[in-house]
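What follows is one structure encoded as structure tokens, with my remarks underneath.
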Amino acid sequence: MVYILFVEILSLLALSQAVFVSNLDAACLKCICTASTGCDKNYECSPQGFCGPFFISRKYWEEADRVTLNSDPRYREDGHETCAKNYNCATKIVSNYMAKNGRDCNNDGITDCDDFAKIHFYGEARCENAIERTSYHDRYIGCMPPKMEDKFQKK
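Written as structure tokens, this is what we have:
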């Protein structure tokens with residue numbers, strides 16, 4: 014009896030835990046969202062199939078393990094669209110994607126929001142590409158607070 018209860022508790026804990034990605038906090042997600050669409054929570058889908066405030070493609074969603082809204086089945090045909098258009102569900106897509114693909118794209122020794130923003134824009138395979146001079150980058154930089162090292166260097 015105790016063993017069965019223990020197994021059930023472990024199962025519930027496993028199901029309830031969200032993916033944690035170091036340095037991918039609510040502020041970072043908000044800035045990636047802002048860079049993507051101005052964080053337009055009413056954004057539907059582009060003709061190319063990029064949906065929601067994070068401008069998420071079906072391929073991105075599939076790589077993030079097909080996160081769905083609440084109890085929707087993982088293989089629901091429109092699961093990508095319904096989840097990507099919901100801010101909270103979309104943050105889970107981004108978190109899952111970064112858990113799989115997050116890495117130090119700018120070679121500064123830290124995997125942080127700057128890297129996640131580049132991965133979100135280019136995908137993991139091309140995240141070393143320059144992102145400056147894009148409207149995405151301008152919106153991202155406008156959203157992010159100055160870094161501590163930047164504050165010290167500007168004296």
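Mapping to my numbering: the sequence shown position 5 is 18, numbers consecutive. Quick reminder that beta carbons are idealized off the backbone N, C-alpha and C, glycines included.
Under 9 Å, do residue i and residue j count as touching if we go by C-beta distance?
i, j, result
"GLU76", "TYR100", "no"
"PRO60", "CYS46", "no"
"PHE68", "THR95", "no"
"ILE123", "ASN36", "yes"
On a CA-only basis, which of the options is nearest residue i? Give me that one, please.
i, options, result
"ARG146", "CYS44, SER70 and ALA48", "ALA48"
"ASP38", "LYS105, TYR135, ASP117 and PRO60", "LYS105"
"ASP91", "PRO158, SER70 and VAL107", "SER70"
"PRO158", "CYS41, ASN55 and VAL34", "CYS41"
"SER34", "SER148, ARG116 and ARG152", "First, the residue type needs correcting, since residue 34 is Val and not Ser in the sequence shown. Taking only the C-alpha atoms, the option nearest VAL34 is ARG116."
"LYS98", "ASP125, LYS72, LEU82 and ASP151", "LEU82"
Measure how close the beta-carbons of residue i and residue j come, nearest whole angstrom, since I'm counting them as under 8 Å.
i, j, result
"VAL80", "CYS102", "6 Å"
"CYS44", "CYS156", "4 Å"
To the nearest angstrom, report how far apart residue i and residue j are at their CA atoms.
i, j, result
"CYS140", "ALA130", "9 Å"
"ALA143", "ASP127", "12 Å"
"ASP121", "ASP78", "29 Å"
"TYR135", "SER84", "30 Å"
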